[in-house]
Amino acid sequence: MDWFLNGIQIIALLFGLGMLYMTYTSYKRKQFNTIDFGFWAAIWVVFLFAAIFPFSLKGIVYEFGIGNLIDFTAIIALIVAFGLLFLMYRRTKNTSKKVEEIVEKLALGKK
Amino acid sequence: MESKVFAVMPAFNEENTIREIAARANKFVDAVLVVDDGSSDGTFEEAKKAKAIVLRNIVNMGKGFSVRLGCKKALQLGAKRIVLIDSDGQHNPEDIPKMLGFLESGEAEIVFGSRPLDKNMPFIKRFGNNVINFSCRMLFGASLEDTQSGFKAFNAEVLQKIIWKSNGYSVESEIFVNAAKKRLRYREIKIKTVYSDAYKGTSIIDGVKIVLNMFWWKVFG
Chain C
0 MDWFLNGIQI IALLFGLGML YMTYTSYKRK QFNTIDFGFW AAIWVVFLFA AIFPFSLKGI
60 VYEFGIGNLI DFTAIIALIV AFGLLFLMYR RTKNTSKKVE EIVEKLALGK K
Chain S
0 MESKVFAVMP AFNEENTIRE IAARANKFVD AVLVVDDGSS DGTFEEAKKA KAIVLRNIVN
60 MGKGFSVRLG CKKALQLGAK RIVLIDSDGQ HNPEDIPKML GFLESGEAEI VFGSRPLDKN
120 MPFIKRFGNN VINFSCRMLF GASLEDTQSG FKAFNAEVLQ KIIWKSNGYS VESEIFVNAA
180 KKRLRYREIK IKTVYSDAYK GTSIIDGVKI VLNMFWWKVF G
């Protein structure tokens, strides 16, 4: 086993640690509840594990028919990003509608 | 209140002009209804001085939202005819009787005021208006010299047919497109226009959004 990390692993490690730290501070500031914190912390821990021990996931990556871990990570990230984009779009649309209703009610003096 | 003709005026930071325009419009209608769209200046207070009914949005919501709100309120108050007129002094309230004339005679259900697209209109607005007018013609086969003018008048009963979803500047195009789709009888009249600030109103990005919206309406109705 090679204990030295290459460049991309170092970047991934720093990124993962940064995200884990932000997840923790969000939880402390009560911006995330316990479930949010648990979910995202688990994601970043798996991410850090994969960054430090990339070959540990070799079996899984090959099962998906993908050549290497970086490709696998990129594909998973893209899928997740699209999913999150959809959820954010839906939430923004919902919030927009509620703002319209509130402003209209206030302007018309309705209770 | 037994008011029949309402002038609905959306206003955003128009403290310099709203009082005068509202007062002038008041001579030709039964009531003026100003919708202050989250202005940070004295628009609300100035509109009140002109004896207008004033609604206030606590945050800026856009022209389309404000006009829709004003029309809803006008209907609640018993409006039979509604005139839409901008608050920035661009439109001449003295043109209101000409518009109402077409409605009263039954010649039209909706009247559009058309600004001359000549050298008096700032170049970028002229260019943008031409592109939007052309797009409207191509996509909907409906012809109007000026689809972007905010000066209109219509019978209150057609409001449901032309009601728009746009909250922003696309409202003008959407009203015309809806009127065309519902085959309403319409007239277009030339109106006098005054440009005091070339950089207010629709920007280039707004123009792009309007054209994109037109494609959306064409495809999804």
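Protein sequences, first through last, are from chains C and S. To convert, note that position 108 of the first sequence is 107 in numbering that gives the first Met the number 0; the numbers rise steadily by one, no gaps. To convert, note that position 88 of the second sequence is 87 in numbering that gives the first Met the number 0; the numbers rise steadily by one, no gaps. Glycine included, C-beta positions come from ideal geometry on N, C-alpha and C.
* State the start and end residues of the unbroken alpha helix (DSSP H) segment that holds Lys-104 (chain C). => As a working mapping, residue 104 (chain C) is identified with position 105 in the first sequence. Here the alpha helix (DSSP H) through Lys-104 (chain C) covers 68-107.
* Asked: Between which two residues does the beta strand (DSSP E) containing Leu-54 (chain S) stretch?
  -> The residue you call residue 54 (chain S) lines up with position 55 of the second sequence. Per DSSP, Leu-54 (chain S) belongs to the beta strand (DSSP E) from 52-56.
* **DSSP-derived helix/strand/coil call for Leu-12 (chain C)** => Working through the first sequence from its first residue, we reach residue 12 (chain C) at position 13. Here Leu-12 (chain C) sits in helix by DSSP.
* To do: Output the distance between the C-alpha atoms of Ala-178 (chain S) and Leu-86 (chain C), rounded to the nearest integer angstrom.
  => Taking the second sequence and counting its residues from 1, the one referred to as residue 178 (chain S) is at position 179. Taking the first sequence and counting its residues from 1, the one referred to as residue 86 (chain C) is at position 87. Each residue's CA atom was taken as its position, placing Ala-178 (chain S) and Leu-86 (chain C) some 35 Å apart.
* To do: For Ala-24 (chain S), name the three-state secondary structure that DSSP assigns.
  => Translated into the one-based positions of the second sequence, residue 24 (chain S) becomes position 25. Judged by DSSP in its simplified three-state form, Ala-24 (chain S) adopts helix.
* Asked: For Leu-83 (chain S), which residues does DSSP report across the bridge?
  -> What you label residue 83 (chain S) is simply residue 84 of the second sequence in a count that begins at 1. For Leu-83 (chain S), which the question treats as bridged, DSSP gives the partners S:Val-7 and S:Lys-151.
* Against chain C: residues of the segment 52-64 of chain S by CB proximity under 9 Å -> Residues of the segment 52-64 of chain S with a Cβ closer than 9 Å to any Cβ of chain C, in chain order: Leu-54, Arg-55, Asn-56, Ile-57, Val-58, Met-60 and Phe-64.
* DSSP three-state assignment for Glu-13 (chain S), whether helix, strand or coil -> As a working note, residue 13 (chain S) is residue 14 in the second sequence. DSSP, reduced to helix, strand and coil, places Glu-13 (chain S) outside both helices and strands of the structure shown, so it counts as coil.
* **Residues bridged to Val-31 (chain S) [DSSP beta-bridge criterion]** => Residue 31 (chain S) sits at position 32 when you count from the first residue of the second sequence. Its beta-bridge partners are S:Ala-6.
* To do: Run down chain C in chain order and give the residues with a C-beta less than 9 Å from the C-beta of Leu-68 (chain S).
  => Position 69 of the second sequence holds residue 68 (chain S). Result: Val-102, Glu-103, Ala-106 and Leu-107.
* Asked: Do the segment 17-29 of chain C and the segment 59-70 of chain C make contact, defined as three or more Cβ pairs closer than 8 Å?
  -> Output reads no: the segment 59-70 of chain C does not touch the segment 17-29 of chain C.
* **Unbroken beta strand (DSSP E) run spanning Phe-111 (chain S), endpoints** => The residue labelled residue 111 (chain S) in the question sits at position 112 within the second sequence. Judged by DSSP secondary structure, Phe-111 (chain S) falls within the beta strand (DSSP E) whose first and last residues are 109-113.
* **Residue from S:Ser-148, S:Glu-187 and S:Lys-180 whose Cα sits closest to the Cα of Tyr-168 (chain S)** => For this step, residue 168 (chain S) is matched to residue 169 along the second sequence. The residue from S:Ser-148, S:Glu-187 and S:Lys-180 with its alpha-carbon nearest to that of Tyr-168 (chain S) is S:Ser-148.
* Could you tell me if Val-4 (chain S) is buried or exposed, where buried requires 16 or more neighbouring beta carbons within 10 angstroms of its beta carbon? => For the purposes of this step, residue 4 (chain S) is taken as the residue at position 5 of the second sequence. Label assigned to Val-4 (chain S): buried.
* Along chain C, in chain order, which residues have C-beta atoms closer than 9 Å to that of Lys-72 (chain S)? -> Along the second sequence, one-based indexing puts residue 72 (chain S) at 73. By Cβ distance, chain C contributes Ala-106 and Leu-107.
* Asked: Does any CB atom of chain S fall closer than 9 Å to the CB of Glu-99 (chain C)?
  -> Indexing the first sequence from 1 puts residue 99 (chain C) at position 100. Chain S, which has a Cβ nearer than 9 Å to the Cβ of Glu-99 (chain C), makes this yes.
* Taking the beta strand (DSSP E) that Lys-189 (chain S) falls in, what are its first and last residues? -> On the second sequence, position 190 is the one that residue 189 (chain S) refers to. Taken as a continuous stretch (DSSP letters only), the beta strand (DSSP E) holding Lys-189 (chain S) covers 185-189.
* Pick out whichever of S:Ile-131, S:Ala-51, S:Met-120 and S:Gly-41 has its Cα sitting closest to the Cα of Val-193 (chain S). => What you label residue 193 (chain S) is simply residue 194 of the second sequence in a count that begins at 1. Considering only alpha carbons, the answer is S:Met-120.
* **Per-residue DSSP class, three states only, for Thr-192 (chain S)** => Here residue 192 (chain S) corresponds to residue number 193 of the second sequence, with the count starting at 1. Under the three-state reduction of DSSP, Thr-192 (chain S) is assigned to strand.
* **Three-way DSSP call (helix, strand, coil) for Asp-205 (chain S) in this model** => Here residue 205 (chain S) corresponds to residue number 206 of the second sequence, with the count starting at 1. Note: Asp-205 (chain S) maps to helix in three-state DSSP.
* To do: Give the DSSP-derived three-state secondary structure of Asp-36 (chain S) in the structure shown.
  => Walking along the second sequence from the start, residue 36 (chain S) turns up at place 37. When DSSP states are grouped into helix, strand and coil, Asp-36 (chain S) belongs to the strand group.
* To do: Verify the CB distance criterion: does Asn-166 (chain S) have a CB-CB separation below 9 Å to chain C?
  => Counting from one through the second sequence, the residue named residue 166 (chain S) turns up at place 167. Asn-166 (chain S) counts as touching chain C.
* For the alpha helix (DSSP H) that contains Arg-35 (chain C), what are its first and last residues? -> Indexing the first sequence from 1 puts residue 35 (chain C) at position 36. Contrary to the premise, residue 35 (chain C) reads as Asp rather than Arg in this sequence. In the DSSP annotation of this structure, the continuous segment of the alpha helix (DSSP H) that includes Asp-35 (chain C) starts and ends at 33-51.
* Asked: How close, in whole Å, do the beta carbons of Met-8 (chain S) and Ala-22 (chain S) come, if the pair is a contact with beta carbons under 8 Å?
  -> As a first step, residue 8 (chain S) is located in the second sequence; it is residue number 9 there, counting from the start. As a first step, residue 22 (chain S) is located in the second sequence; it is residue number 23 there, counting from the start. Under the criterion of beta carbons closer than 8 Å, Met-8 (chain S) and Ala-22 (chain S) do not qualify as touching, at roughly 11 Å.
* Using the rule of at least 16 other Cβ atoms within 10 Å of the residue's Cβ for burial, across every protein chain shown, is Gly-6 (chain C) buried or exposed? -> Looking up residue 6 (chain C) in the first sequence gives position 7. Residue environment for Gly-6 (chain C): exposed (fewer than 16 other C-beta atoms within 10 angstroms of its C-beta).
* For the 8 Å Cβ check, are there 3 or more pairs between the segment 127-134 of chain S and the segment 150-170 of chain S? -> The segment 127-134 of chain S, when compared against the segment 150-170 of chain S, does not touch it at the 8 Å Cβ threshold.
* Asked: Hey, how far is the Cα of Ser-65 (chain S) from the Cα of Val-34 (chain S)?
  -> Residue numbering aside, residue 65 (chain S) sits at position 66 when the second sequence is read from its first letter. Residue numbering aside, residue 34 (chain S) sits at position 35 when the second sequence is read from its first letter. Taking the straight line from one Cα to the other gives about 6 Å.
* Got a sec, what are the start and stop residues for the alpha helix (DSSP H) Met-98 (chain S) sits in? -> In the second sequence, counting from the first residue as 1, residue 98 (chain S) sits at position 99. 95-104 is the extent of the alpha helix (DSSP H) around Met-98 (chain S).
* Apart from the five residues on each side of it in sequence, which residues of its chain come closer than 6 Å, Cβ to Cβ, to Phe-139 (chain S)? -> Position 140 of the second sequence, counted from the first residue, corresponds to residue 139 (chain S). So the list reads Val-176 and Ala-179, once near-sequence residues are dropped.
* Just curious, the alpha helix (DSSP H) that Tyr-61 (chain C) is in, first and last residue? -> For the purposes of this step, residue 61 (chain C) is identified with residue 62 of the first sequence, where counting begins at 1. In the DSSP assignment, Tyr-61 (chain C) falls within the alpha helix (DSSP H) that extends over 57-62.
* Asked: So, is Lys-26 (chain S) buried or exposed, given that buried needs 16 or more other C-beta atoms within 10 angstroms?
  -> On the second sequence, residue 26 (chain S) is found 27 positions in, with the first residue counted as 1. The residue is exposed, with fewer than 16 neighbouring Cβ atoms inside 10 Å.
* Return yes when the C-beta of Ile-69 (chain C) is under 8 Å from any heavy atom of the ligand MN, and no when it is not. => The model depicted lacks the ligand MN and carries no ligand whatsoever.
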